[in-house]
Every structure is written in structure tokens, then in C-alpha cells.
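Beneath this line is the structure, given in C-alpha cells, with notes to follow.
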Amino acid sequence: MTDTTTALEPLVARLAEIAPGLRVETGPGSTGPYAYDASNYRVPPRAVVFPRSADDVVAVLRACREAHVPVTARGGGTSMAGNAVGPGVVLDFSRHMNRILHIDPTARTARVEAGVILDALRGATAPHGLTFGPDPSSHSRCTLGGMIGNDACGNRSVRHGRTSSHIEALEIVTADGVRAVADRTGLRAADPNDTDAVERVARLEADVRRLIEADLAPIRTELGRIPRQVSGYQLHHLLPEHGFDMARALVGTEGSCAVVTVATVRLVATAQASTLLTLGYDDVVDAAEDVPEILRRNPTAVEGMDEAIVATMRARRGPHSVTGLPEGRAWLYVELDGDDQAAVDARAGELLDVLRAQGRMTGGRVVHSPAERRSLWRVREDGAGLAARLVDGGESWPGWEDAAVAPENLAAYLRDFRKLLAAHGLTGVLYGHFGAGCVHVRIDFDLATDTGRAATRRFLTEAAALVVEHGGTLSGEHGDGRARGELLEVMYSHRLIRTFAAFKGIFDPEGLLNPGVIVDPAPLDADLALRELPLVETTFTFPHDEDGFTGAVRRCVGVGRCRSDAGGVMCPSYRATGEENDSTRGRARLLQEMVRGGTVQDGWRSTEVRDALDLCLSCKACSSDCPVGVDMATYKAEFLHQHYKGRVRPRSHYSLGWLPLTSKLVGYAARPVNALLRGPLGKLLARLGGVTTKRRIPSFASRRALRRALRTTRTGEPAKTLLFVDSFTRAFRPEVAGAASRVLAGAGLPCTAADDLCCGLTWVSTGQLSLARRIMARTVARLDNGDDRPIVVAEPSCAAALKRDVPELLGTDAARRVAARVHTLTGALNDLAAPGWTPPELPDNVVLQTHCHEYATFKGHHPRDLLGRLGVRKVEEAEGCCGLAGNFGFEAQHYDTSMAVAGLALKPRLDAIDQDAQTVVVADGFSCATQIDHLAGDRGVRALHLAELLDPAADQAAQPGGTS
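Residue numbers 701 to 1664, in our numbering, belong to the letters of the sequence shown in order.
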């Protein structure tokens, strides 16, 4: 171990000299998020470096060796054992070294850089009918380098095994900066003309061969005993009978022996047919008892989980987010594949019959629907996050989340393991790769107090002894890291532990590569992130977090779903920039640093946190897409409120934050104001207000236009609903209020309109929470008047503010009563419409942009589903944020990011509209509609609100819904 307090300035200067252009970050705003991965640990690095090539890696390793600074290689940062944090320099391969260099369909190989995301590789190989076999649940953001570091497996490891089984060659850089290639027969210099490198690599290989020859007995008897034995170094691949396979031996070394820059991997053929069975059980032990019988049917996957994960998913994303599970309190997913669908289905039926006869299964079914399959797999893949913060608010942690035994021993192990939990007064949430004998469990450890940490150490020591007693391994795919390195002595002989140390010493004699893992491990209870922290006084009440804001930001446990490039909406700013600081995780980690007074020292006044939050669009998608329910929009609003308290704010906070008030005033003189804003003075006013001049300011509507729109909607019937006419609808599109009123009347829900109230949204999004509270209190006082009629809000963002922000800011029973009555138009038509209601004739094709706040807040009430139910044959949804996001895209400094976000999903969908087809574009959000007009208005594309589409008074033939 080296002295990590060595001054960093000479190292940075040296890197600038030998690797000009290499990005090196040393400030707290950049290094803070890299102090964490998805484990229990916090190790702040001194610097973060973003290499673009193997030459950059060579430069970093040589400079760090000169300066005696440790180096930790990092991919997606999703390690659950503390393998991806380190005290010196962290190398982030995911930012730039993420190229797929070559795919050979004939040889079924691919050559990829270490930072390639697994899903990117799978997407590139799919057209060839090939894929990479191992598929961890983090496949949307984990890198191949990280998978190699841990020897990752995944859901289909029953068929495809571990990453090490799919590695042909590794291109590495040694601790002293020498490039080499490890392959199936040994180690060689990358450049055969570099005589110094050739000699260095030859000596290194010779030393390794001597080490293996001297320790054949423990290597043969202690390693490679069960399929998931990942703990320690896999030196059995170097045995003579295995051909001295150096590539496979280096897989699973967690970056502690060499740094992998490029890998040549084997690919496997994708199945022609597959089916999924879901099997219910009374508990996970019963499920494990059936695994051996299932394995006799040659499945691709046998995955297990308990009821806590399913309950949390349904609570977070709505009751319809999990369908297709039979009755039970624990479940197995069993996937079968083959060349013929009928044959696969027949095997599935036979398996169900056999398991029913066994008598343990409470129910079972074949899942035919592709949508149901995707939903079910997402529940399993989000297991780590869902188990971290359960529906009852309880928290659980990794640390013993990766033990594995032989599958035939799984039931006995689980039975004893649950007794061990009970003996220690602990509760565990169980899930994992039951077909491979690997159990993931998150446990309600107390890691914040000295007493709790001591109890955790006692439990982990006994758990290690228990899994060894059952012939198992401490780690089955996550690696040992900081969590289990100290416990390797429970599993292996002292002689083999010394062999591991000697192996690392040959590659890394100075101990600079990822110190603290596997060899000379740090104590398992050192560097724990969790500790008791003071409660922070806030304006939001954070009712779902026992410790308020402190507990809210602690929700982030680093699983990194926010770093996915596809699926869901989170996180648009990360998808646009690719920067960790622009991800939900990066921001949450910086907020954690702020609360603890760590790398961020100046609390609410922190400019580092302010800058990290700057590109957050406040879309709220993370509150739904994040498995632990991080709500960065609320955290940002609270931070801005505290940060600017008593200070001058950015100009846009006044010009856009106060829009409900100014627009109300403008309504009395809309025509002259619109004319003024369209001229040169309009651009000057925009600049003065911090508003971009690259967008046309929407035209304001007059008060007369609103009265006219609502006047035509009176039916004379008793009102069953209240139409809340929000500030955006009132100020810019009163015709939507009229259309919504007519649609509600036609659906058997006649309404009265409230057109002089405000939800306070713009003050919330700009962090002016004191004003927001006053406005919300007035609105709640008006609405909570004994009237229990449903409140229907045409603007989704305002509906979301009334539904969630109002009760969480005010914290009163009245606010909660009002929130319970709030519906979007989609929700009202889904839940409240008269049974016989049918809309007017609808178009066959609709392009849909769902507002992010509606997506996140009103779960189970999706406009896409409603349109399909009402008869639209084809709904093409732009899955993602529109990029305008209220005030965000109007702010001058955010225009480019706004357009980059639009370019991810919305713009391509609009560009694909056939000008000759009768395609209608639907966008309920005013921001979404405005962005669509900005992107495609010059081509005659205009977005309709759902109310306009369904308006019985509209002339559908002449309606300008998409192309005109």
C-alpha cells in the first residue's frame, strides 16, 4: 500500500507532458461521485482520468508509478463489492474507450474496448444472429471491462456460464506501463518489436509459470470446484492440463493485477425460439428444492425472487407493472429455448406437469405475451435497487449479496442461512440465479453505528463459515472487493492465500493496482459510506423518507440504471452528455457528499452541487424509473431554494418562474404584447430575462379567448368533475380547456371550470419554495371545501404538481385530500368515463409524446394504452423526454442540451413522419407541444392535445394534427 497523500500536482503536470489532451479531473465536483460504486463503501479518489486510448492508459500507469499513486480501473461503476472505488486515480473507461473495434460473424468473435456497454455489443451483434452469452441484470450500463474484472455471469448463466468462458484474449497494460496480450496459451508483448517490453513480459510469464508449478496441489484441490466459484484468483486456468490460459486467469482479478484495455470475446448464437414460465411457491426454500428437477430440462435461465421485491415494484410503478405471476410468496422464472417454438412450448408444458406432481409449486404458467415477459424480466433485473428501499421504507444493504453453492445444495443452504439471519435478528430480501446456486440477498444491516458495524462483522464471519460448510463460495459473480476480501481466509488455505499474494506481486510488485481488494485486503468494515448524519432542515417534507432530505438522497445506492441509453425516460441529461455528473446517480452522490460534509464542504452554498444539478431537466422520470425512487427534481428544487435564499437569483427564475402571474396580466392586453414580443424588443427582453432567442416565444391568449372557449362547453347537466384550468392552458391554449370540457361531458363527466387557481409548479421548478407554498395553500383552501368531485387537469405537469408537490410541500391533510382527487385527462377517461362512452372516429396512426411528469406520477394511466383501447391501430411513442421540460429549454444556457435531448427520441420520430400519411401527433404537455412546433412546425406538424383529438365538436378531417 502506498501513501495516497502524495501531492497530486506533479502527477497532473506529468500527465499533461506525456499525454497532452488527456482529461484529468481533480475538483470535488468531479471526484465526489467516483467515491462510490454500488457497494457499501466510500473511497474518495484524488483524481479521475478519462482515457481515449491504450496509450493514455500507459501514460497514466507510468506517471502514477513514478508518483506512487494507486490506480483503479472503472467501467459502469455498478460494483456491489467495492471493486470500483480507490484512493488514488480512477480510470473511467466508459466515457471514451467504448468502441466496438471488430465483429467476425464467421469466427463468432468480437474485439471491443473495455468501456463498451454490454447492450451496445449485443445490439451490434444481433443482426448476425449472435450475442454475448453472460447477461448481468445491469446489462444496459455495465461495461465489458467491468464484467471481465468481476467474472460476471447473469440471468442466463445456467446456459452460458461466466464471462471467463467467453474470453479469447485480453489486451492489458501492466502496473509499470507495459502493453501485453494475454491469450489462451500465455502472455506476450503487444509489440513484438519493443525489445524492452518483450523481455519484461517474458520474465513476468516465467515467474508465473514457476509459481504455478510450485503450488499445483492447492490450486487443483481448492479452485474450480463449483460453477460459480469466483472468489480469489482463478489460477486453475494456468494448470498444465488447461494450457496455461492467461486470459481466463486474469478474468476476475478485479483490476488488481493488470488493466484491461481491449478484449476479444466469443459470441454465441441467439435462440430461434424461447418461452418463459413463472412458477409460484410459498417460500424461496420450496423454490430451491425444485431447481434440480428444472435443471434436468436444460433451461437457459432459472431465476428466483421473493415477494418483497414484487410488492415494492407494484407500489413504485403501479399495480399493473407486474403481471403474469401466479399465486405465491416466492417465484422462479424458467426460460427454455430451442430451434422450434412448438417443441419449446411442449417442453414447458411437460415441466409444469412434473412440478405440479412434485407438490411444492403453488401455481405456474407459461408467459406468452412479449410485453408481460419484458415486465417480468424488468422486475428481476431491478432486484438490487428494489430490495434496497422497500415499500415499507426499510433499507437493506449488500455485503453478503453474492454467495453461491452447488445448485443441488441450494435449498439446504438457504434453510440454514435463514436460521442464521434470524439468530442475528436480521432480515434479508432474497433473489438471484437459483439455477446456478447463486443467491443475492440484501440485508437490513445497521452500518451507521459502531455497534451495528460490529454486529455486521460477526454475521459476515459466520455467513462465510456457513457457505463454506455447504461447499460454496463467498462470491459467485460480483467479486470479493472490499466486502469479502478479508473473508477469503475462511474459504481458502493459508498456502493458497499466499499463492494469490505471490501472483499479484509478480504483476504488481508495488501494490498500485486497485489496492485493498483480494490481496492485502482492507478490513470489511473500513471505509463504509453509511454513518449517522444530522437531519437537514428543509421546506419539502419528504414524507417517504424517515430521515428527511438526508434519507431521500441516501436512496441512491449506485445501481446506475440512470446511465442506460435506452428503456424508460431516465436520465435525459446523461443520455445527452454521457457525463457521470449529469446522471441521477452522479447528482445523488454529490448531494450525499454535501450532506456529510465530505468532498463537498460548503453545504447548500456549494457551487459544485449547483453545477451538477444545472442540467437536470426536472423531468421526474427518475422518481419512477429509478429502482429506489430517487426524485432528483424535488431534490433540485429544495437545493435551489436553499442555495439562493437571501441572494439574487438567475434572471430566468424571475422571467419564467413568475410566468403564471405575468401571463395572467398579459391576458388583459395579449394582442399588443404579442406584437411587441415578435419584434426586436422581444429579443432584447428575452436576453434580459435569461431566455434563449433561438426559440419563438409562444403567443399569449386573451382572457376573452378563455371565456369564449369555456362558454361553449356548458351542458346544463349537474357537474360531476372539476376542470382545473392551469396557467399554461389559460395563457397559451385556452382551446384545450374548451375541448377537455366537451370531452368530459361526452364521457358522462360534465364539469365546472376553475380558471383562477395555480398549482405553483414554476415556482417549484425554479426553487422558489416559499412562494410556491403560499400559492399552493391558497389553491388547496379553495379546492378543499367539502367538494369531493374528481379534479381533472389538462396539463400533465400541473396535474403532477397538485398530485405530488402540493402534499409534499404543505404536508397537510387538506393538501392530501386534494391530491387524492387529481386526475389527468387520460386518467379520468380510463377510470371515470361512462361505460358506453365512445369517442369520435380516430385516426389509424398516432405519434405520441407522453409528458415526463405524467409518465412518472400517474402510473398505470398511460395515454398510449388509452389510445389503443379507443381504437387507434398504431401508436408510435417517442420514448423519452422532449427536452424542453418547462423552463429548462427556454433558458439560454440550456438550449443546446434541450435540443440534444430532443434528438434522442422525439426528433427522429417526427422526422420519420410520412408527409403523405394521415398521421396525428399527440402531446398533452404544453412544453412537449412547443418543442414539437420548434422541431417540425415549419413542415406543418402541430401537436394536438388528447382533448382536441377526442373533441366531439372538432372537424376531424380538417384538424391539423400532424401533417397538413
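From the three backbone atoms N, C-alpha and C, an ideal C-beta is built for every residue, glycine too.
Residue from the options with nearest C-alpha to residue i
{"i": "S1193", "options": "L870, E922, G1258", "result": "E922"}
{"i": "D1455", "options": "W1463, G1486, V1492", "result": "V1492"}
{"i": "L1160", "options": "L1174, T1151, D1302, A1148", "result": "L1174"}
{"i": "A906", "options": "R1378, T895, L887, G1085", "result": "L887"}
{"i": "I800", "options": "V816, A807, P1360", "result": "V816"}
{"i": "A1375", "options": "I1397, Q1631, A1183, D990", "result": "I1397"}
{"i": "R1017", "options": "C1322, R765, E1177", "result": "C1322"}
{"i": "R1263", "options": "V1257, P1243, E1246, R1285", "result": "R1285"}
{"i": "R818", "options": "H802, S837, H828", "result": "Checking the sequence shown, residue 818 turns out to be Leu, not Arg. Cα-wise, what sits closest to L818 is S837."}
{"i": "R1184", "options": "V1139, G1268, P1098", "result": "P1098"}
{"i": "A747", "options": "A767, I718, L791", "result": "L791"}
{"i": "D1220", "options": "L1233, G1205, P1234, R1231", "result": "G1205"}
{"i": "Y1344", "options": "T1334, L1469, D1227, A1405", "result": "L1469"}
{"i": "T652", "options": "G1248, A1136, F1145", "result": "It is not possible to answer for residue 652, since the shown part of the chain is limited to 701 through 1664."}
Spatial distance of residue i from residue j (CA atoms)
{"i": "V1366", "j": "G1382", "result": "14 Å"}
{"i": "A1401", "j": "D1265", "result": "39 Å"}
{"i": "F1432", "j": "S1399", "result": "6 Å"}
{"i": "R1642", "j": "R1430", "result": "19 Å"}
{"i": "L911", "j": "A1202", "result": "8 Å"}
{"i": "D1679", "j": "M1332", "result": "This structure cannot speak to residue 1679, because the chain is shown only from 701 to 1664."}
{"i": "E993", "j": "E1003", "result": "14 Å"}
{"i": "R1675", "j": "C1326", "result": "Since the first residue of the chain shown is 701 and the last is 1664, residue 1675 is not available in this structure."}
{"i": "M946", "j": "R900", "result": "16 Å"}
{"i": "Q1342", "j": "T1619", "result": "46 Å"}
{"i": "A1048", "j": "V1054", "result": "10 Å"}
{"i": "A1605", "j": "P1272", "result": "10 Å"}
{"i": "V968", "j": "T961", "result": "22 Å"}
{"i": "Q1656", "j": "L1646", "result": "With a pLDDT of 42 at Q1656, under the threshold of 50, the modelled position of this residue cannot be trusted; read the value that follows with caution. One C-alpha to the other measures close to 13 Å."}
{"i": "A1409", "j": "D1596", "result": "36 Å"}
{"i": "R1395", "j": "F1590", "result": "7 Å"}
{"i": "H1124", "j": "G1176", "result": "24 Å"}
Residues bridged to residue i (per DSSP)
{"i": "Y1113", "result": "Y1113 pairs with nothing; no bridge assigned."}
{"i": "H802", "result": "R811"}
{"i": "D1006", "result": "A1030"}
{"i": "W1097", "result": "I1143"}
{"i": "Y741", "result": "L1228"}
{"i": "K1574", "result": "N1545"}
{"i": "C1319", "result": "In the DSSP output, where bridge partners are listed per residue, C1319 has none listed."}
{"i": "D1302", "result": "D1302 is not bridged to any residue."}
{"i": "L977", "result": "V1034, V1066"}
{"i": "D1674", "result": "This structure leaves residue 1674 out entirely; the chain is present only between 701 and 1664."}
{"i": "Y1131", "result": "M1005, H1140"}
{"i": "R774", "result": "D792"}
{"i": "F1424", "result": "A1454, V1493"}
Beta-carbon gap between residue i and residue j smaller than 8 Å
{"i": "V1575", "j": "L1548", "result": "yes"}
{"i": "P728", "j": "V1253", "result": "no"}
{"i": "F750", "j": "R795", "result": "yes"}
{"i": "A784", "j": "D737", "result": "yes"}
{"i": "G845", "j": "A814", "result": "yes"}
{"i": "F1200", "j": "Y933", "result": "yes"}
{"i": "V1141", "j": "T1012", "result": "no"}
{"i": "V965", "j": "H866", "result": "yes"}
{"i": "F1242", "j": "L1166", "result": "no"}
{"i": "L761", "j": "V771", "result": "yes"}
{"i": "E1007", "j": "R1060", "result": "no"}
{"i": "V959", "j": "V873", "result": "yes"}
{"i": "R879", "j": "A897", "result": "yes"}
Test: residue i CB closer than 8 Å to a CB of chain D
{"i": "S974", "result": "Among the chains in the structure shown there is no chain D, since it carries only a single protein chain."}
Contact test: residue i Cβ vs the ligand FAD heavy atom, cutoff 7 Å
{"i": "A1533", "result": "This structure lacks the ligand FAD, and indeed carries no ligand of any kind."}
Contained beta strand (DSSP E) runs [length at least 3] in the stretch 1450 to 1497, N- to C-terminal order: 1451 to 1454, 1491 to 1493
Complete runs of the alpha helix (DSSP H) confined to the stretch 1194 to 1257 [at least 4 residues]: 1194 to 1207, 1248 to 1253
Runs of alpha helix (DSSP H) wholly within the stretch 1047 to 1108 (minimum 4 residues, chain order): 1070 to 1081, 1083 to 1088
Entirely enclosed alpha helix (DSSP H) segments - the stretch 1580 to 1626, minimum 4 residues: 1595 to 1602, 1606 to 1611
Start-end ranges of the beta strand (DSSP E) lying completely within the stretch 708 to 769, minimum 3 residues: Considered as a whole, the stretch 708 to 769 harbours 723 to 725, 747 to 750 as its complete beta strand (DSSP E) runs of no fewer than 3 residues, in chain order.
Length at least 4, wholly inside the stretch 1496 to 1538: the alpha helix (DSSP H) runs in chain order: 1496 to 1500, 1506 to 1510, 1513 to 1520, 1525 to 1531
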